[in-house]
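Going by this note's numbering, the sequence shown opens with residue 13, and the numbers climb by one from there. We put the CB at the ideal spot given by N, CA and C, even for glycine.
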Amino acid sequence: AIATWLSPVLPFSSAEVHRMLGFSSGPGPGEWDRALEPLTTGQPLGEIRPLFPRAGRTARLDPTSTPTRASAPVLAIRAGTVRSVAPHPDADRLYVLGVDLGEETLRTIVAGMRAHYAPEELEGRRITVLANLAPRTIRRVTSQGMVLAAEAGETVVLLAPPEGVPPGTIIDGATADAPVITIEELAKTPLVVGRVEGSENETTSRIDIGGRRIEAEGTWPRGSMVIVRLAAPGADRGTVLSFRPEGPIRPSAEMPVGAKIR
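The following block contains the structure:
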């Protein structure tokens with residue numbers, strides 16, 4: 013209940029508490045009733061870790077050393093096709109999807125899409141999946157990846173790969189053997205909807221991401237909607253997520269620039 017009430021002022025910490033309690037995400041706008049819902053008896057918990065790590069002693073910096081930035085995690089995003097859709101047996105906001113990622117068996121993925129898509133809208137739909145996310149047990153169902161969608165307020169729209177990309181294809185810059193990443197690492201990776209305004213030169217595009225503009229490698233069609241991964245929060249450069257040579261990942265419906273990817 014406390015994590016729900018604090019979500020407007022501590023959204024990331026609130027979401028992390030909900031994940032440790034076995035929920036797929038924190039409360040959405042107006043979902044204050046979640047604070048009154050008791051946990052289901054026997055509900056599996058997520059990985060428990062300190063919410064605010066204890067402060068340690070600060071190491072003395074060598075004035076002659078050069079700061080280095082930790083490598084950003086690789087996002088092994090794949091094109092997929094939804095082959096089966098079932099309501100989650102223990103959660104009225106979730107589906108359990110069977111997704112074709114070009115593997116021998118379908119991937120089981122838990123997705124919070126019941127408020128936004130009917131089952132018939134999902135079955136056979138082409139989607140994008142973060143395939144190297146560490147498996148998570150959500151209300152007694154193990155999810156083997158994350159379906160990606162753009163979110164603006166209460167509007168949620170699935171991301172779509174370009175036409176002609178077969179299931180299992182991995183985005184440019186990632187490989188099938190990319191290391192597994194955690195939900196915490198993903199939360200530190202800003203992904204936003206952008207609109208291409210034009211090209212700075214033969215190798216760089218200028219993209220509006222809502223309130224400001226960034227540069228991204230590659231020349232993309234002017235006016236097209238794209239998904240941008242920023243180098244860091246507030247960075248002035250980013251990378252357009254794409255399947256080459258087919259093209260960039262896009263929202264499957266019109267979304268405002270700056271919408272976050274979840």
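Distance, residue j Cα to residue i Cα
i, j, result
"isoleucine 261", "proline 131", "23 angstroms"
"arginine 256", "alanine 186", "12 angstroms"
"alanine 98", "leucine 109", "6 angstroms"
"methionine 267", "threonine 154", "30 angstroms"
"leucine 142", "proline 50", "31 angstroms"
"methionine 158", "tryptophan 232", "26 angstroms"
"leucine 145", "alanine 199", "12 angstroms"
"leucine 242", "alanine 190", "19 angstroms"
"isoleucine 226", "isoleucine 195", "26 angstroms"
"alanine 103", "glutamate 166", "19 angstroms"
"serine 264", "valine 169", "6 angstroms"
"histidine 100", "glutamine 156", "15 angstroms"
"arginine 148", "leucine 134", "22 angstroms"
"alanine 244", "glycine 114", "31 angstroms"
"arginine 69", "serine 96", "Low per-residue confidence applies at arginine 69: pLDDT is 45, beneath 50, and the placement is therefore not dependable, though the value from the model is reported in the following sentence. Roughly 51 angstroms between the two C-alpha positions."
"serine 251", "valine 122", "It is worth fixing the name first, because residue 251 is threonine in this sequence and not serine. Spanning the two alpha carbons is a distance of roughly 27 angstroms."
"leucine 57", "methionine 32", "6 angstroms"
"threonine 201", "glycine 246", "11 angstroms"
"aspartate 248", "threonine 52", "45 angstroms"
"arginine 176", "serine 254", "Per the sequence shown, residue 176 should be read as glycine rather than arginine. Rounded to the nearest angstrom, the two C-alpha atoms are 13 angstroms apart."
"glycine 223", "alanine 271", "11 angstroms"
"tyrosine 129", "isoleucine 219", "29 angstroms"
For residue i, the three-state DSSP class (helix, strand or coil)
i, result
"isoleucine 89", "strand"
"glutamate 133", "helix"
"valine 177", "coil"
"arginine 32", "Residue identity differs from the one stated: residue 32 is methionine in this sequence, not arginine. Three-state DSSP puts methionine 32 in a helix."
"threonine 120", "strand"
"arginine 151", "coil"
"threonine 167", "strand"
"glycine 110", "strand"
"alanine 271", "coil"
"leucine 51", "coil"
"leucine 160", "coil"
"arginine 4", "The structure shown does not extend to residue 4, since the chain spans only 13 to 274, so no value can be given for it."
"isoleucine 182", "strand"
"alanine 98", "strand"
"alanine 188", "coil"
"leucine 145", "strand"
"alanine 172", "strand"
Neighbourhood of residue i by C-beta, 8 angstroms cutoff - its chain only, sequence neighbours within 5 removed
i, result
"isoleucine 273", "Leu160, Ala161, Ala162, Glu163, Leu171, Leu203, Val204, Val205, Ile239"
"alanine 188", "Ala88, Ile182"
"threonine 116", "Per the sequence shown, the amino acid found at residue 116 is glutamate instead of threonine. Nothing meets the Cβ criterion."
"serine 236", "Arg207, Val208, Pro260, Arg262"
"glutamate 214", "Thr231"
Beta-carbon spacing of residue i, residue j below 8 angstroms
i, j, result
"glycine 54", "isoleucine 150", "no"
"valine 269", "isoleucine 193", "no"
"alanine 91", "glycine 230", "no"
"proline 178", "threonine 140", "no"
"valine 111", "arginine 105", "no"
"arginine 152", "valine 94", "no"
CB contact below 8 angstroms: residue i versus chain C
i, result
"leucine 87", "Within the model displayed, chain C is absent; a lone protein chain is all it includes."
Spatial neighbours of residue i in its chain, beta-carbon cut-off 6 angstroms, leaving aside the 5 residues before and after
i, result
"glutamate 197", "Pro85"
"serine 211", "Ser217, Thr231"
"arginine 234", "Val208, Gly210"
"aspartate 184", "Ser254, Arg256"
"glutamate 258", "Pro174, Gly176, Val177"
Cβ neighbours of residue i in the same chain (closer than 7 angstroms, five flanking residues each side left out)
i, result
"alanine 127", "Arg105"
ask   = What are the complete alpha helix (DSSP H) segments, minimum 4 residues, inside the region 190-269?
value = 195-199
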